Structures are given as structure tokens and as C-alpha cells.
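Here the structure is laid out as C-alpha cells; the discussion comes afterwards.
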Amino acid sequence: MDLDLQMSCKELEDAERELISACKGLPLALQLSGNSLYCSKRNQLQPLSAWKAALAALQLGRSAVDSEGKLKGILSITFKAMDQAQQHMFLDVATALQGQPKEFALAVWVSWHGAHASFFYEDLERRNLLRIGNEQELQMHDVLVALGRRMLLDVDELPQQLRGSRLWVQDGEL
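Each residue of the sequence shown is one higher than the one before, starting from 93 at the first, in this note's numbering.
Dropping the structure here:
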């Protein structure tokens with residue numbers, strides 16, 4: 093093994109340890125961050141520079157898990173890396189489409205975002221941002237639903253095109 097490859101492996105191992113530390117061992121944080129550092133188009137890991145950039149962003153917030161034990165930092169990085177249509181689709185599930193049939197959601201998204209909505213849906217599922225239940229309904233982890241909704245309320249964090257784009261009724265409120 094040549095010296096450059098050995099150095100890259102060592103740097104990658106160091107980056108892995110730092111990532112695990114930043115995620116505080118929380119499985120959902122590890123899944124999201126790991127999936128964001130994998131390039132499905134090329135079926136390989138993102139380059140080491142992408143890992144270092146993601147770690148630097150996480151370390152600015154001290155970790156992927158904020159003081160309340162939530163995943164806001166890692167979700168924010170993942171969300172900003174998404175295509176605009178994917179951002180809309182993620183927020184659709186967080187605010188309205190959870191529990192709805194997958195085929196219904198795909199039909200809505202294809203009508204809004206075109207044929208590539210199916211690709212974006214598959215990417216959201218691959219990143220573990222949503223999943224399909226036993227009855228083919230859309231599901232999203234409760235933490236991701238809460239963070240998606242919180243992102244909508246934090247106007248400074250939200251891209252301009254998404255501000256004021258969603259309404260939802262919180263449990264027990266009208």
C-alpha cells in the first residue's frame with residue numbers, strides 16, 4: 093500500500109472517530125450523517141474533503157446533538173445539501189403526508205416536481221429521512237418530524253422559497 097493511500101485511510105479513520113464523537117453515539121444521528129457522506133450515484137463514499145467539511149460544520153455547533161438531545165445540526169446540514177424539490181418533499185411528510193399511502197404522495201410530488209420526484213423520493217428513503225410502513229404508508233421518525241417543523245418555525249435557518257410554505261395543526265390545538 094503506498095504512503096498516500098495509507099495516509100488517506102488514517103485520515104478517514106480519524107474522521108470516522110470524530111463523526112461518532114460529534115453524534116454522541118446516537119443511532120439516528122449516525123445514520124443521517126453516514127448517509128450524507130455516501131454518494132449513491134457513484135456507489136462510493138464522498139471524498140475526505142467532504143467528510144472534513146461536514147465535521148467542521150458539526151464542530152461549530154460542538155456536536156450533531158444539541159443540548160436537548162436533538163439532531164438539529166446534522167439535519168440542517170443534510171437538509172441544505174438537498175435539492176429544493178427534496179426539501180419540499182421532506183417538509184411535506186413532516187407536516188402533512190405522514191401516514192398517507194406512498195403512491196398518493198408520489199402522485200402529488202410528480203404533479204408538482206415532475207418525473208424526477210421518484211428519484212428524490214428514493215434518495216430521501218435511502219438517507220433514512222423517511223421510510224415505508226407495512227401498509228405502504230409514509231413514515232418519519234418522530235424526532236425528524238419535530239425537527240422539520242422546528243425548521244419551519246426558525247425563519248432565519250430556512251431558505252427564502254420555503255418560508256411560510258406550510259401549515260399544520262399541532263396536537264390538540266386549533
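Beta carbons are placed, not taken as given, at the ideal position from N, Cα and C, and that holds for glycine. Predicted model, so just to flag it, every value in this text is computed and none were measured.
Contact check, LEU124 vs ASN220 under 8 Å by CB: the rounded distance? 6 Å
For GLN231, which beta-bridge partners are listed by DSSP? ARG223
If we require 4 or more residues per run, which alpha helix (DSSP H) segments fall completely within the stretch 151-217? 164-172, 176-184, 194-205
Out of curiosity, what's the CA-to-CA distance linking TRP201 and LEU216? 13 Å
Candidates THR187, ALA209, ALA186: closest to GLU195 by CA position: ALA209
Look at the Cβ atom of ALA186, then the Cβ atom of GLY240, and state whether they are nearer than 8 Å. yes
LEU189 beta carbon less than 8 Å from that of ALA197: yes
Can you tell me whether ASP334 is buried or exposed, with buried defined as 16 or more other CB within 10 angstroms of its CB? There is no way to answer for residue 334, as the model of the chain reaches only from 93 to 266.
Can you check whether the CB of GLU103 is closer than 8 Å to the CB of LEU140? yes
Could you check how far apart the C-beta atoms of LEU129 and ALA142 are, in whole angstroms? I think they sit under 8 Å. 6 Å
Taking 8 Å as the threshold (C-beta atoms), are ARG242 and GLN231 in contact? no
Would you tell me roughly how many angstroms separate the C-alpha atoms of ILE166 and ALA121, rounded to the nearest one? 7 Å
Taking the alpha carbon of THR170 as the point to measure from, which residue in GLN192, ALA146, PRO193 has its own alpha carbon closest? ALA146
CA-CA distance, GLU214 and MET181? 11 Å
Is DSSP giving LEU129 helix, strand or coil here? coil
Taking the alpha carbon of MET174 as the reference point, which residue from PHE212, ALA107, PRO119 has its own alpha carbon closest? PHE212
Determine the extent of the alpha helix (DSSP H) in which ASP246 is found, giving its start and end residues. Segment: none, ASP246 is in no alpha helix (DSSP H) and carries neither H nor E.
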